[in-house]
Amino acid sequence: MLLAASFPDIEIPALAWFAFVPLLIGLGFEKDKSLSPFLTGWLFGTLFFFFTCWWLTFAPITYAGFPVIPTYLLLLGVSAAAGIFSGLFGLVYAKARKAFGVPAVLSAPFIWTAFEFARYWITGNNWNAVGYSQAFNPGLIQNASIGGVYLTGFTVVLSSTLVVFVIEAARQMRTDESKAPKAAMGFAAGLLIVSGGLLVIPGVELSVRAERPIVSEMIAVQPNVPMAGLDFSKWRALRKRQTDLAESKLDAIDERERPVTVVLPESPMNFQYALDPEFRSFIDGFAKRNDVSVLFNSAEPDPARERGFFNSAVLVGPGGGMVKQYDKIHLLPFGEFVPLPEFAQELIPPMVGRFTHGQEYDLFDLGGAKAGVMICFESHFGSLSAEYARKGADVLIEMTNDGYLGPTPVLRQHLANTVFRAVETRRSVLRVTNVGITANIDERGVIADTAEPYSEAVRHWPVRTHGGGLTVYAAYGDWFAVLCLLAAAAVFGFSVAKLRRVPAGE
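Counting with my numbering, you get residues 70 to 575 for the letters of the sequence shown.
Structure, rendered in structure tokens:
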């Protein structure tokens, strides 16, 4: 409950730094049991996911009319599946405690990070990893530029670990002074010093970085399009309302000295630039009339698949006509594709549509600055933004629609993902949403100029070049998480080997 309360909607981030103390102490008491440590860790994870992801029930209850109790029971099942990874943490950690005693407490952050990464590796989803609890405390997340959200989460778990280590070491000293874990104390001190340095040092270089030049401007539109009840006349009126909002901001620009790009969010309006001549004429006319480029979400045909589509971002130039197209690479499981064998896919239709995975990391030219686009769920993937940075992106743009999930904690939880993508790559993220939270996030993860959720809004932001090099994370990706995975495997292997050498009953 402490860990759940550190995330939105309760959102008291400080609680996360001590949330693992009860778990680690409890696992220490259960280290001699076989199944109990797994069940304890599994219960911890199951309750955490249930209480932080309850918003998953909003869409099926609100739009599909699912009964409330069965829907929450289904959520409990999904939470229990995700909780398996924290159950495995409990099992490995308890095994290490049994084999090596108090010094093994210090293995906890390595093992926890390993199974967080395993969850991402196996399921493709790492929503609400521990590090995301600190997303709105910029001073505490700068180490993400080195090791991503996993290094931030490691530091958070380490705080609880050191508390438990002191408690357990003091207890052992009172009972048997000859077994005081002095070497482990030195290792603990080293971990504390290194982690403290990794919290402070990554932010130092930002203080001396020169201001980047502005090369173009962007108009971000948050149209607040409803998720249901749209007929064709309402659809057309809402479409024009988006361009009217953009033009109202364009008219307020006194002298336009730089190129301007109008960005529309992912939305439920299902634009089809290639296949809808009327829409193509509308958007081309808007671009020509205002001498702007337009970046928007569109369902674009997949020539390799009959009646197949990509979920795409399309850029139309000031003279009309498509300039560039990016096809979404990381599709939403069970929303945009079904992650099952082909024979089983027809049995479970996706909620939004059956899209094709994109393959190319296309960058858009926004008047001299290169931009990588993340469509909705893609802001969850540090690997995507890192690849954009390696390809030379100056800025990242996220276009998303969380409207199907209602006015729930998902809005800020999703924003937390985006904050880390900015820090990890040291690229600002210009976030454009349908219902919120539209925001300008700088390379330190500081959020500015937000738009109120579930309201119409329009924002005017400068687009800067980056000009700098790559962060450690952008260059080497999830190296730290892989290191923790190897460390956890080594801990488990040595623990099993040692316990096998111990005579029965000793």
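Every residue gets a Cβ at the ideal spot worked out from N, C-alpha and C, and that includes glycine.
Note that the coordinates shown come from a computational prediction; the quantities given were computed from them, not determined experimentally.
The criterion of a C-beta distance shorter than 8 Å is satisfied by A458 and A543.
If you draw a straight line from the Cα of I262 to the Cα of I210, it is about 16 Å long. The alpha-carbon separation between A165 and W123 amounts to approximately 34 Å. DSSP places R490 within a helical segment (H, G or I) once states are collapsed to three. Inter-residue distance for V235 and V479 is about 36 Å (C-alpha atoms, whole angstroms). For the pair A177 and T224, the CB atoms are not nearer than the 8 Å cut-off. Annotation for F107: G156, G159 and L160 place their beta carbon closer than 6 Å to its own, counting only its chain and skipping 5 residues before and after. Closest option to V171, judged by alpha-carbon separation, among R490, A559 and Q241: Q241.
Distance from the Cα of A440 is smallest, within the candidate group A297, M468, R481 and E237, for M468.
In terms of CA proximity to S381, L333 leads the group L333, P136, Y132 and R528. With respect to I506, P522 sits close: the two C-beta atoms are nearer than 8 Å.
Out of D431, G388, A559 and P337, the CA that lies nearest to the CA of L465 is found in D431. Contact between F127 and G475 holds, with the beta-carbon distance rounding to 4 Å and staying under 8 Å.
Setting aside the 5 residues that flank it on each side, F117 is surrounded in the same chain by L72 and A73, each with a C-beta closer than 7 Å to its C-beta; the list follows chain order.
D463 is not a Cβ neighbour of R528, given a cutoff of 8 Å.
For Y430, the three-state secondary structure derived from DSSP is coil. DSSP places V137 in the helix class (H, G or I) of the three-state scheme.
For A88, the CB contacts under 6 Å within the same chain, skipping 5 residues up- and downstream, are L71 and L72 in chain order.
Rounded to whole angstroms, the separation of the alpha carbons of R374 and D300 is 29 Å. Distance between Y473 and M296, taken at the CA atoms: about 6 Å. Of all C-beta pairs linking the segment 93-104 to the segment 135-149, fewer than three are shorter than 8 Å, placing the two stretches out of contact.
In the DSSP assignment, the residues bridged to F379 are E369. Pairing R349 with E286 gives a Cβ-Cβ distance that is not under 8 Å.
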